[in-house]
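For the sequence shown, my numbering assigns the number 678 to the initial residue and increments by one for each residue that follows. Ideal placement from N, C-alpha and C gives every residue a C-beta, glycine not left out. What follows is a single structure, written as structure tokens, with notes after it.
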Amino acid sequence: MDSLFAALDNGAEKAPPASGATVPVLMPVALDQTYDYLLPPGVEVVPGCFVLVPFGPQSRIGIVWDEPRGIQKPVDPKKLKALTTRLDAPPLPIISLRFAEWIAKYTLAPLGMVARMMMSAQEAFEPAKPRFGVAIVDGAPQPAKMTAPRAKALEIASDGLVRAKSELAHLAGCSTGVIDGLVAAGTLVEVAIPERGFARPDPRFAVTDFTDDQMRGVETLRSAVDGGNFSATLLDGVTGSGKTEVYFEAAARTLEAGHLVLIMLPEIALTSQFLDRFQRRFGVKPVEWHSAVSPAERGRIWKGVARGDVRCVVGARSALFLPFPELGLIIIDEEHDQGYKQDDRVHYQARDMCVVRGNLGKFPVVLASATPSIETYVNAITQRYRHVILPGRFSGVEMPDVSAIDMRREAPDKGKWLAPRLVEAMTETFAKGRQSLLFLNRRGYAPLTLCRSCGHRIECPQCSAWLVEHRFKKRLNCHHCGFSLSLPEKCPKCAAPDSLVACGPGVERVAEEVAERFPQARLALLSSDLIPGLTEMRDMIHKIERSEIDIIIGTQIVAKGHNFPDLALVGVVDGDLGLAHGADPRAGERTFQLLHQVTGRAGRTHFVGKGLVQTHLPEHPVIKAIVAGDREAFLNYEIKTRQTGVLPPYGRLAAIVVSARDKELAERTARDLRRHAPSSDKITVLGPAEAPIAVVRGRYRWRLLVRAPKDMDIQGYLRAWEAALPKFKGDVRISLDIDPYNFL
Ligand code: ADP
Ligand code: ZN
């Protein structure tokens, strides 16, 4: 990604515009330009501040920009509208404006859509709603009527703290009616609850004793922070080597220097384990930012970040768009994780955008992984990134002993999914009182339901995909559009009763087999669709950590970020799943990462673990590298493949998906689009071809893939192409994805 390092201009601050002047305002909608508004008397604005403006028939929130952007149509000055008012919310820092522009230019998304991602906290822009609570009135007489619940509530309130009514009622074990009664009696009084502040992480709260190898890593990162300039460092080491401990020191150094820290984690890894470790190192829990944070909390955090009250955020990819005024470090943990790529609206790779943000803000970026992405790894070995290597596990325990089970020779019994050797290993592990984990990256009970009498396969009516049986919920679900049907009793086609059979395994089916084989074992089934929320998920993980579970069966949510001390055996039910995605250049990489991560969960702290991978392709380079524990063998194989194919990072890709409800229109438009592609002797356009998932939500899909050598301006080529296009009529949608990760 050469262009990530293009020279960047930070822009200087200017004097605020005077009343009567016009100001450029960017609207958070799919438009690529600012609009001028008159500044009414008495309203003062600064670049980055939020304003209410008349926009079409509506009144909407926009952002005051520092310069007009996009192609401006001349407007009759008499027709200019005035902005309505400035909002209370703290302004976006200027650097956020530059960052938005950079992303828009790179992803070719409208600037307004990028800015919209920076406003993903609705409540930050609404007038503060004071919350009310109750407190005891000093010296107030006891209420005339004293009951046991009243006495209990008053006893708790006697500490003088302000509490929400519901909280006090909860603590006292009574209804809020009791609290209302005490307010009516004048013993308690309603007062505004002061807005909660943010506890500051203390960089010196705890001291870690590092090994020599770790210490070298700590020193490298500290000097990157002290350098006060942009750098990118790959922190490379097996799981358990201490990467987290090491990067905490970089965070501590940054906090000490008075700058803010952002730690990015793939969403699912925002485990309580991580939060607890942060607390042990810094004395307080970090501020979390992810999809499960409530709207009110989002508003509070957004403002806290903008005001500099939040010193460290731990977040999923969208945390990158928080309004950090003085960011001094970004750490991207599990940098290889696919969850960093956003696949709708603005298609961006958060990991790459973190590097851009570091470059803009002139501070270091640390990318941590045990299985780095090829892109990052190549940057490290070509010395564009610094490379810190932590050679072994801190515990000194060897990496697990992994072997393959050749399913062609050691097939499971008919109707079963676990090979005899895997079952034997599980039996042994259970007998020793240790944990086993079975991994299958497929939700539900069975990926296909088939009619035995007429051969009908139950498909989604809106997508070209089979419906997946979810037996616990007694439903058939489409994993592409969410369509759902209750499990039919007879074939929907030929109406034969009891003729439907489930084909192939999902995690639920594996769990069923395990329950039959190990009736005494305590099982846990972890799949995102079976766990209602974050709390339940965290509870389950805690149970596993405390060894209250013997056998864990799970999808990829078990592969990441957790440390299960008693886990001795990991069985991969289908090691080949994921290898067969023909067009996806990262299929091998992703499978390697997933298998490496999941087998690496076994035996992390006090004994050597064991991994067994069921496969039909034991000779595949990915499977061989997993079994041999030879990461470099895989990386070298993969780097060669990418070089030969001119694939990332040796080439650049952009995917175009054309879709329409009408089958023919989709195809015709895709072909027409192709015909308008500017000719180039360096850039190839592949396709159009029907997408592997040809229909999603009733829309027919065709794909084109643009491939360019890495030094070519692929965005420039795409812009020229777009300019040459006619207006497509009808309900055609064309989506553009620079650096695509999804090839379906
Ligand atoms: P990684 O992030 O590479 O998976 P961690 O930082 O999670 O590794 O370290 C693995 C385990 O070893 C953790 O429980 C961690 O607390 C412990 N650990 C690593 N380094 C040290 C150290 N220097 N002192 C004490 N504990 C350590
Ligand atoms: Zn569907």
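The three-state secondary structure of Gly1016, taken from DSSP, is helix. Sixteen is the threshold: since fewer than 16 other Cβ atoms of the shown chains lie within 10 Å of the Cβ of Pro751, the residue is exposed. Within the same chain, and ignoring the five residues on either side of Gly919 in sequence, the residues whose Cβ sits closer than 7 Å to its Cβ are Gln891, Leu1067, Phe1071. For Ala1201, the closest of Arg1148, Met1217, Glu1190 by C-alpha to C-alpha distance is Met1217.
If one requires a minimum length of 4 residues, the alpha helix (DSSP H) runs lying completely within the stretch 767–831 are 771–784, 788–794, in chain order.
DSSP links Gly1288 through a beta bridge to Val1079, Val1247. With contacts defined as CB atoms closer than 8 Å, Ala934 and Val902 qualify as a contacting pair. Contact annotation: Leu932 and Val923 have beta-carbon atoms that are not nearer than 8 Å. A distance below 6 Å between beta-carbons, with the five flanking residues on each side excluded, links Pro963 to the following residues of its chain, in chain order: Phe955, Cys989, Val991. The stretch 972–982 and the stretch 893–900 do not touch, with fewer than 3 CB-CB distances between them shorter than 8 Å. Listed in chain order, the alpha helix (DSSP H) runs fully inside the stretch 1363–1415 are 1391–1400, counting runs of at least 4 residues. Cβ neighbours of Cys726 within its own chain (closer than 7 Å, five residues either side excluded): Val741, Arg763, Pro768. When DSSP states are grouped into helix, strand and coil, Ser1336 belongs to the strand group. For Lys962, the three-state secondary structure derived from DSSP is coil.
Beta-bridge partners of Pro731 (DSSP): Ser736. Not one heavy atom of the ligand ADP lies closer than 7 Å to the C-beta of Gly1248.
Between the ligand ADP and the CB of Glu922, the shortest heavy atom gap is smaller than 7 Å. Neighbourhood of the ligand ZN, defined by CB distance below 6 Å to any of its heavy atoms: Cys1137, Gln1139, Cys1140, Ala1142, Cys1155, His1157, Cys1158, Phe1160, in chain order.
If you ignore the 5 residues before and after Asp1243, its C-beta comes within less than 7 Å of the C-beta of Arg1111, Gln1112, Ser1224, all in its own chain and listed in chain order. Around Arg930, the same chain offers Arg899, Val902 as residues with beta carbons nearer than 6 Å, after the five sequence neighbours per side are excluded.
In chain order, Gly1306 place their CB closer than 6 Å to the CB of Met1076, counting only its own chain and leaving out the 5 sequence neighbours on each side. Uninterrupted beta strand (DSSP E) stretches at least 3 residues long and entirely within the stretch 1171–1227 occur at 1177–1180, 1200–1203, given in chain order. Taking the C-beta atoms as reference points, Ala1371 is found no nearer than 8 Å to Val1362. Taking a C-beta distance under 8 Å as the contact criterion, Pro724 and Thr761 do not qualify as a contact pair. By the beta-carbon neighbour count (other beta carbons within 10 angstroms, threshold 16), Ser736 is exposed.
Annotated three-state conformation of Ala983 is helix, per DSSP. Here the C-alpha atom of Leu1127 lies approximately 13 Å from the C-alpha atom of Pro1174. Between the ligand ADP and Phe887, a heavy atom-to-CB distance of less than 7 Å is present. DSSP places Ala1045 inside the beta strand (DSSP E), whose first and last residues are 1041–1046. In the three-state reduction of the DSSP assignment, Lys920 falls in the helix class. Lys1167 sits in a strand when the DSSP states are folded into three classes. Residue environment analysis places Gly854 among the exposed positions, since fewer than 16 neighbouring C-beta atoms fall within 10 angstroms of its C-beta. With respect to the C-alpha of Pro1417, the residue from Val1079, Gln1291, Gly1016 having the closest C-alpha is Gly1016. With the rule of 3 Cβ pairs closer than 8 Å, the stretch 1316–1330 counts as touching the stretch 1260–1274. For Gly1255, the secondary structure class from DSSP, reduced to helix, strand or coil, is coil. Distances between the C-beta of Ser918 and the heavy atoms of the ligand ADP include at least one below 7 Å.
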